[in-house]
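Residue numbers (this note's numbering): 3 to 270.
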């Protein structure tokens, strides 16, 4: 009896495995996939995708490259162009964090705490680079974007959008890094996580609008190069990857500014 039961169980397992394999060989439409399509879907796509950790590393590296260019090579545009990749990725990570976190309030407090910690190094960095020192650092912008997402989740649409435009106006008036553009970039990134094709289109639109707007008010902007971040964003597979410690990610911002400042002081 037991032997019969074991054989029946094994047959059931084999049947289920065969069923799963057959399903894997078909698209959702029911079309049977070729061997090439199977390899592409299960191997190539996996190799080309980026986890959350991969995006964090890219964002930190491109941000550091940007700041090296600002401080040491102000006449070389290429450093700044590469640096345009970083902020859209940070905006996406904030939108992802909003969906994953179990406590938005603590998330917001954490961002504001690092905003306060980072402001002195950021101001010293701006002063060394002969930039306007009245600007508020990127953590304030990301916190404003996170709070905007919270309003859209908690309030009815009319009240929520009034609040969002109020936050964006405040970010622009108070001279947050990236201003209103940065706030809306977090919102568009949240839309990307829900509807990928529409999100990618709106990312291009937002980057272009920011560039045109700055041009119309009589200034030049390299923010159009933020579109270079879209391929990295599009490859995001929404997997965590090998987790980086939270303090490493947040602490990297003020610490790398201090390190660059010390090098600048030594060289000068």
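For each residue, glycine too, the CB sits at the ideal point set by N, CA and C. Predicted model only: the values in this text are computed from it and were never measured.
- Taking 7 Å as the cut-off, the Cβ atoms of residue 182 and residue 86 do not count as close.
- Take the alpha-carbon of residue 251 and the one of residue 157: they are about 31 Å apart.
- Assignment of residue 127 by DSSP, reduced to helix, strand and coil, places it in the helix class.
- Taking a cut-off of 8 Å on C-beta distances, the stretch 154-169 does not touch the stretch 195-202, as fewer than three cross pairs fall below it.
- Burial check for residue 155: the Cβ neighbour count within 10 Å stays below 16, so the residue is exposed.
- In terms of Cβ geometry, residue 192 and residue 61 do not form a close pair [threshold 7 Å].
- From the listed residues 54, 226, 237, the smallest Cα separation to residue 102 is found for 54.
- Listed in chain order, the alpha helix (DSSP H) elements of length 4 or more contained wholly in the stretch 172-198 are 181-196.
- If you keep only unbroken alpha helix (DSSP H) runs of at least 4 residues inside the stretch 98-170, you get 106-130, 140-156.
- Counting of Cβ neighbours within 10 angstroms places residue 92 among the buried residues, the total reaching 16 or more.
- Annotation: residue 144 to residue 180 spans about 10 Å, alpha carbon to alpha carbon.
- In chain order, 52, 57, 60, 87, 91 place their CB closer than 7 Å to the CB of residue 234, counting only its own chain and leaving out the 5 sequence neighbours on each side.
- Ranked by how close their Cα comes to the Cα of residue 186, the residues 123, 173, 126 have 173 in first place.
- The residues 139, 141, 255, 256, in chain order, have a CB closer than 7 Å to that of residue 120 in the same chain once the five nearest residues on each side in sequence are set aside.
- Assignment of beta-bridge partners to residue 52 by DSSP yields 238.
- By the Cβ neighbour-count rule, residue 238 is buried, with 16 or more other Cβ atoms within 10 Å of its own.
- 7 Å or more divides the Cβ of residue 110 from the Cβ of residue 151.
- When rounded, the separation of the alpha-carbon atoms in residue 211 and residue 130 is 30 Å.
- Around residue 135, the same chain offers 125, 128, 129 as residues with beta carbons nearer than 8 Å, after the five sequence neighbours per side are excluded.
- Judged by DSSP in its simplified three-state form, residue 71 adopts helix.
- The three-state reading of DSSP puts residue 246 in coil, since its state is none of H, G, I, E or B.
- Sorting 242, 146, 170, 67 by C-alpha distance to the C-alpha of residue 117 places 146 at the top.
- The shortest C-alpha to C-alpha distance from residue 190 to any of 82, 80, 63, 94 is the one to 94.
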